[in-house]
Amino acid sequence: MRIGILKGSFDPVLVAQLRYAEECVRRLHLDKVIFVLSSSGVNFSASFEERLRMLSSALSGREDYAVLNEDGPMDDAEGIGTVAKGMFPGAEVVFLPDETETDALETEARERIRSGRPVSGIVPSGAQECIYLEGIYYPETEREHLERLRCELDPERFSHTCRVVRQAALYAERFSIDYRKARTAAMLHDCAKCIDKPTLFLLSGESEFIPPILHAPAGAVIARNRYGITDDEVLRAIRLHCTGDAAMDKLCMAVFLADMTESGRDFPAVDEIRDAVWQSLEYGMLTALRYEMRYLKTKGSVVHPATERALTYYRTKEA
Ligand SMILES: [Fe+2]
Ligand SMILES: [Fe+2]
60 MRIGILKGSF DPVLVAQLRY AEECVRRLHL DKVIFVLSSS GVNFSASFEE RLRMLSSALS
120 GREDYAVLNE DGPMDDAEGI GTVAKGMFPG AEVVFLPDET ETDALETEAR ERIRSGRPVS
180 GIVPSGAQEC IYLEGIYYPE TEREHLERLR CELDPERFSH TCRVVRQAAL YAERFSIDYR
240 KARTAAMLHD CAKCIDKPTL FLLSGESEFI PPILHAPAGA VIARNRYGIT DDEVLRAIRL
300 HCTGDAAMDK LCMAVFLADM TESGRDFPAV DEIRDAVWQS LEYGMLTALR YEMRYLKTKG
360 SVVHPATERA LTYYRTKEA
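Residue numbers (our numbering): 60 to 378.
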């Protein structure tokens, strides 16, 4: 058995590093690659534990990859060799050469995440999941918002929120929308979701009691009062994320559509809506609103006047 050792900072782990490992497996006829997190020599942006979680998530499901650091940091080659041989007795251990471009790419990935840009194709999907769930590399205020939401939302709603943030970053890049605004609005869009309906009704300023949409207008109030958000575009995107409305700006449409199409969504028309969004935000809105209207009518639910306005508006846009 031949084992390759790939040491790196993995701050964060990159798609390029997994490709490099695959190439080493092929060229050097390796049976396994063991990834080792370096823990000295440079200043890391993420903690050792965060880097370990990102790396482990990126490698999960891969039988031919393993992480050596389950018991903590380890930096000397001799020690690493001994542990690797202990894990796979009798194996031949090969230390894989460092890749030269890695530092610059990791810096770029961190900068992208910090500024709200997406990292799909740069950071493996499993590692991205950790980043969005934990706010790794986020600026301090956004990380605080995320931690607060973790306490205020139930776990399912919280992971949905993190997936919406990830999806909104993709739309923001595709349609040239302010990344930080997209992240803030996406992060806080459901901030009122777990509050009781009578309180939501009071906060919402709505004249009619339509329970499923109340958390959106109430959310805008909470985002302002409790999270200190003063940007009107962000607050509007939160307020309109359930009903939509006529003439929404790009940020509003991106948040509305990210909420409906995040990777965890699984309803009959979701792929049709996803395809429509990539054509244009307006066409995405039309497709999403048509589906929503059909859905509400089948259920016999009340349709909010703003949703009616939105559908009429995006229909004329298409014509
Ligand atoms: Fe919502
Ligand atoms: Fe949502």
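Beta carbons: idealized from backbone N, C-alpha and C, even for Gly.
Test item: CB-CB of residue i and residue j under 8 Å
i: residue 310; j: residue 240; result: yes
i: residue 107; j: residue 98; result: yes
i: residue 70; j: residue 103; result: yes
i: residue 63; j: residue 155; result: yes
i: residue 174; j: residue 230; result: no
i: residue 144; j: residue 152; result: yes
i: residue 340; j: residue 374; result: no
i: residue 302; j: residue 366; result: yes
i: residue 196; j: residue 317; result: no
i: residue 118; j: residue 96; result: no
i: residue 126; j: residue 133; result: no
i: residue 399; j: residue 168; result: Residue 399 lies beyond the stretch modelled for the chain, which goes from 60 to 378, so this question has no answer here.
Backbone CA spacing between residue i and residue j [nearest angstrom]
i: residue 184; j: residue 306; result: 34 Å
i: residue 298; j: residue 314; result: 10 Å
i: residue 131; j: residue 322; result: 33 Å
i: residue 370; j: residue 312; result: 13 Å
i: residue 114; j: residue 60; result: 24 Å
i: residue 200; j: residue 224; result: 15 Å
i: residue 351; j: residue 245; result: 20 Å
i: residue 255; j: residue 216; result: 15 Å
i: residue 23; j: residue 337; result: Since the first and last residues shown for the chain are 60 and 378, residue 23 lies out of range.
i: residue 148; j: residue 86; result: 23 Å
i: residue 269; j: residue 257; result: 11 Å
i: residue 166; j: residue 186; result: 15 Å
i: residue 92; j: residue 74; result: 15 Å
i: residue 377; j: residue 82; result: 48 Å
i: residue 342; j: residue 138; result: 58 Å
i: residue 325; j: residue 333; result: 11 Å
i: residue 300; j: residue 294; result: 10 Å
i: residue 150; j: residue 188; result: 33 Å
i: residue 124; j: residue 226; result: 28 Å
i: residue 33; j: residue 171; result: What is shown of the chain runs 60 to 378, which leaves residue 33 out entirely.
i: residue 265; j: residue 204; result: 26 Å
i: residue 128; j: residue 198; result: 27 Å
DSSP bridge partner residues for residue i (one or two, in chain order)
i: residue 96; result: 67
i: residue 151; result: 61
i: residue 124; result: 92
Residues near residue i in its chain [Cβ-Cβ closer than 6 Å; skip 5 each side]
i: residue 263; result: 273, 276 and 277
i: residue 65; result: 80, 92, 94 and 155
i: residue 398; result: Past the boundaries of the shown model lies residue 398; the chain is included only from 60 to 378, so the question cannot be answered.
i: residue 222; result: 321, 322 and 323
Chain-order list of residues whose beta-carbon lies under 7 Å from that of residue i (same chain, five-residue window excluded)
i: residue 228; result: 175, 176, 177, 238, 241 and 242
i: residue 292; result: 240, 308 and 310
i: residue 372; result: 305 and 306
i: residue 329; result: 320
i: residue 331; result: 346
Residue-chain proximity (residue i, chain D), Cβ-Cβ < 8 Å
i: residue 364; result: Among the chains of the structure shown, chain D does not appear; only one protein chain is present.
Neighbourhood of residue i by C-beta distance below 8 Å, restricted to the same chain and skipping five residues each side
i: residue 218; result: 192 and 323
i: residue 76; result: 65, 67, 69, 158 and 161
i: residue 232; result: 176, 177 and 238
i: residue 36; result: Past the edges of the chain, shown from 60 to 378, lies residue 36, and the structure says nothing about it.
i: residue 220; result: 208, 212, 245, 246, 248 and 249
i: residue 435; result: Because the chain in this structure spans residues 60 to 378, residue 435 falls outside the shown range and cannot be described.
Point to revise | Inter-stretch contact (C-beta, 8 Å, three-pair minimum) for the segment 209-220 and the segment 233-249 | key: yes
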